[in-house]
Amino acid sequence: MAKTDNKIMEKIVSLCKRRGFIFPSSEIYGGLASTWDYGPLGVELKRNVKDAWWKANVHQRFDMEGLDAAILMHPDVWKASGHIENFSDLLVDCRDCKKRFKKEDLAEQSNCPNCKSDNLTKPREFNLMFKAPIGPVEDEEYVYLRPETAQGIFVNFVNVLDSRHRKVPFGIAQIGKAYRNEITPGNFTFRTREFEQMEIEYFVKPGEDEKFYKEWIDERFDWYMRLGIKKDNLRLREHAKDELAHYARGCTDIEYNFPFGWSELEGIANRGDFDLKQHAEFSGKDLSFFDVKTNQRFLPFVIEPSGGIDRALLAFLVDSYREEQVKGKLRVVLGLDKALSPIKAAVLPLLKNRPEIVELAKKIAKGLSRKIVVRYDDTAAIGKLYRRQDEVGTLYCITVDVDTLTDKQVTIRDRDSMQQERIAIDRVEEYLEEKLA
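Using the working numbering, you'd call the opening residue of the sequence shown number 2 and step up by one each time.
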């Protein structure tokens, strides 16, 4: 399927709903704008994306620790980070159609993009954090739903440093939910008010930050390609000086060529020592690192690779989607990488009206389920079952037929090549383990 097909997003959204990847949230009540529920296959795909990220950045590195900080944090955390004072958008309202727009999206335009009215309000600041009452009396005390996972890492820097006896450079990785009261969410799961981040804060010695900044840009770019994203659909965009946050020494976005255009997939920022300095000042705690080799104490600089799981998942879906003509019929395939595919193998009985075939197929599926994610399906004819599994990215289809009862062999079909092999039942597990390794 050509990437320029302007219908591709509609097809992705339709596939996600039809095959159980992503559903509109609260749909039976009319839904809630820009919130989404991950269905049976979506939750498996999302888990696989997270596992692949965690494996690459925590398990396969010896300079990284994991963390899962609380969503609710002391309100002073957000004062120190600058979110209460600065985390806002300039908004303009149309008095006629009641639509609201970001000032930056209007540029020099003086009319409403929706109804063309010139009856617009003056720009007003709108904080993007969700406020929530805490305690028994609603009006007395408030906390915030975190707008990013990073601050949970910064306030735990010393805890991790001391408990794990770490030396700089080292990193802390976290996957977790974040919440932003976005005014213009949209493009399916690309921009939502509730989302999940995969974020690293990598602490380095001042003066070595530029080296590690460049290394992390290369590492994160390569991660997407290793999981199957086509290189032509990825690019790096370095932020201009007037785009940078006031504390940032540099920032580079990894952008993906979505059907709606090039947009940010992940950002890698050199944050300097801003965060630790702020939290040290507001908390009154010493957050510095003592280097025994040089007998020096300093606040580490921070390199931050920060990506959205929902955006990554959407990019993997779009990039793997293809349509083919096979014997005059349309075949839709999600060519997901083997590490990401929600279902590794499906076991299919050729004849569901033969109890002995069904029983054997279920037995094979149950045996394989100890090692891999496998599904049993007998709800359609074999050709339709193949197409259904292709559409959700299942890597291998295992067919149990009449001959299986006597020769103790099954037919294994490869998703991408559609080639079929006859394999002995007692070799199926070994065969799949080799293919999925």
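Built from N, CA and C at the ideal position, the CB exists for glycine as well.
Residue from Leu129, Asp402, Arg416 with nearest C-alpha to Ala425: Asp402
Cut-off 6 Å between Cβ atoms - residues of its own chain near Trp54, not counting five sequence neighbours on either side: Cβ neighbours of Trp54 beyond the five flanking positions: Met199.
Coarse secondary structure for Met199, derived from DSSP in three states: Here DSSP, grouped into helix, strand and coil, assigns Met199 to strand.
Leu245 in three-state terms, based on DSSP: DSSP places Leu245 in coil when its eight states are reduced to three.
The segment 115–128 in contact with the segment 90–98 per 3-pair CB rule at 8 Å: yes
Sequence-distant residues of the same chain with beta carbon closer than 7 Å to Phe222, five excluded per side: The answer, listed in chain order, is Leu235, Leu237, Ile255.
Extent of the continuous beta strand (DSSP E) run through Pro148: Segment: none, Pro148 is in no beta strand (DSSP E) and carries neither H nor E.
Assigned exposure category for Ala316 - 16 Cβ within 10 Å defines buried: Label assigned to Ala316: buried.
Integer Cβ distance of Trp224 from Ala57, believed to fall under 8 Å: 6 Å
For Asn160, the residue or residues it bridges with in DSSP: DSSP, once it has assigned bridges, lists no residue as partnering Asn160.
Collapsed DSSP secondary structure at Arg388 in the structure displayed: helix
Three-way DSSP call (helix, strand, coil) for Thr185 in this model: coil
CA-to-CA distance, Lys103 to Gly384, given in whole angstroms: 50 Å
Stretch-stretch touch, CB-based, cutoff 8 Å, three pairs: the segment 59–78 with the segment 144–156: yes
Sequence-distant residues of its chain with Cβ nearer than 8 Å to Gly273 (five each side left out): Asp210, Tyr248, Ala249, Arg250, Phe302, Val303
C-alpha gap between Leu331 and Arg323, whole angstroms: Approximately 10 Å between the Cα atoms of the pair.
Close Cβ partners of Thr36 (< 7 Å) along its chain, the five nearest in sequence each way excluded: Ser26, Thr193, Arg194, Glu195
Boundaries (first-last residue) of the beta strand (DSSP E) holding Ala34: That residue, Ala34, is in no beta strand (DSSP E); it is neither H nor E in DSSP.
Whole alpha helix (DSSP H) elements within the segment 207–261, 4-residue minimum: 210–227
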